[in-house]
Each structure stands twice: as structure tokens, then as C-alpha cells.
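Novice: Have a look at this one before I ask anything.
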Amino acid sequence: MVRIRLARGGAKKKPYYRIVVADQRCKRDGRYLERIGFYNPMVKENRFEIDAERLKHWLSVGAQPSDRVGKLIKLANTKV
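Heads up: the sequence shown begins at 51 in the working numbering, then just goes up one per residue.
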């Protein structure tokens, strides 16, 4: 199954997450199919960005968002 999830990057105590589309059997920070956005919890402005067109595409072909990505998507929809 294909999942839309967060892949951690950044340094120790300074996380930075890429929003990626990956097979659920792959490691958290491992191989992914496509990077569709980012989430940076350490900054006040421009904290979250996602390519809505690619998100709709992956959801239409059956990709399931993780719990955290689902919350971020809902947050983005309320701001738009």
C-alpha cells in the first residue's frame, strides 16, 4: 500500500520533515516515490507547504495519508 507520510531530516533537536509518497514497507527516511511538500515545526512563518495538485492525484489513485499528514491537510484546508 502507498502512504503519504513524513520523512525526517534536519539535525539533532532541529527536525525538518519532507512530505513524501512512499510504499509502507520502506523505512521512514528511506526510498520514496515523490516528494510533495514539507513541514518545518521550528519556524513561525511558512511552516507547512504541500502541492495540492499532486496530493489530489495520489489520493485519487489510492494512497492513504498517515495520521499526522491527515491533520496537516485539514489545517491547510482551513487556511485556504
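Think of the CB as a built atom: it goes at the ideal place given N, C-alpha and C, for glycine as much as any other residue.
No experiment lies behind these values; they were computed from the predicted model shown.
Give the C-beta separation of V70 and A57 to the nearest angstrom, bearing in mind that I take them to be a contact with Cβ-Cβ under 8 Å.
Specialist: If you number the sequence shown from 1, residue 70 lands on position 20. If you number the sequence shown from 1, residue 57 lands on position 7. With a Cβ gap of about 5 Å, V70 and A57 count as contacting.
Novice: Just reading off the alpha helix (DSSP H) that L105 is part of, what are its end residues?
Specialist: As a first step, residue 105 is located in the sequence shown; it is residue number 55 there, counting from the start. L105 -> alpha helix (DSSP H) spans A102 to S110.
Novice: Return helix, strand or coil for V130, following the three-state DSSP convention.
Specialist: In the sequence shown, residue 130 corresponds to position 80, counting from 1. Here the model assigns V130 a pLDDT of 37, short of 50, so the residue's position is not dependable and the matter cannot be decided.
Novice: Measure the alpha-carbon distance for E95 versus K121 and round it to whole angstroms.
Specialist: Translated into the one-based positions of the sequence shown, residue 95 becomes position 45. Translated into the one-based positions of the sequence shown, residue 121 becomes position 71. For E95 and K121, the distance between alpha carbons rounds to 18 Å.
Novice: Comparing C-alpha positions only, which one of Q74, I100, V93 and K77 sits nearest to R85?
Specialist: Locating residue 85 in the sequence shown gives position 35, where the first residue counts as 1. When each option's Cα is compared against that of R85, the closest is I100.
Novice: Going by DSSP in three states, R118 sits in which element: helix, strand or coil?
Specialist: Working through the sequence shown from its first residue, we reach residue 118 at position 68. R118 falls in the helix class under three-state DSSP.
Novice: Just the C-alpha distance for I54 and R97, rounded to the nearest angstrom, thanks.
Specialist: Position 4 of the sequence shown holds residue 54. Position 47 of the sequence shown holds residue 97. One C-alpha to the other measures close to 18 Å.
Novice: Tell me whether A61 is buried or exposed, calling it buried when 16 or more other Cβ atoms sit within 10 Å of its Cβ.
Specialist: On the sequence shown, residue 61 is found 11 positions in, with the first residue counted as 1. Label assigned to A61: exposed.
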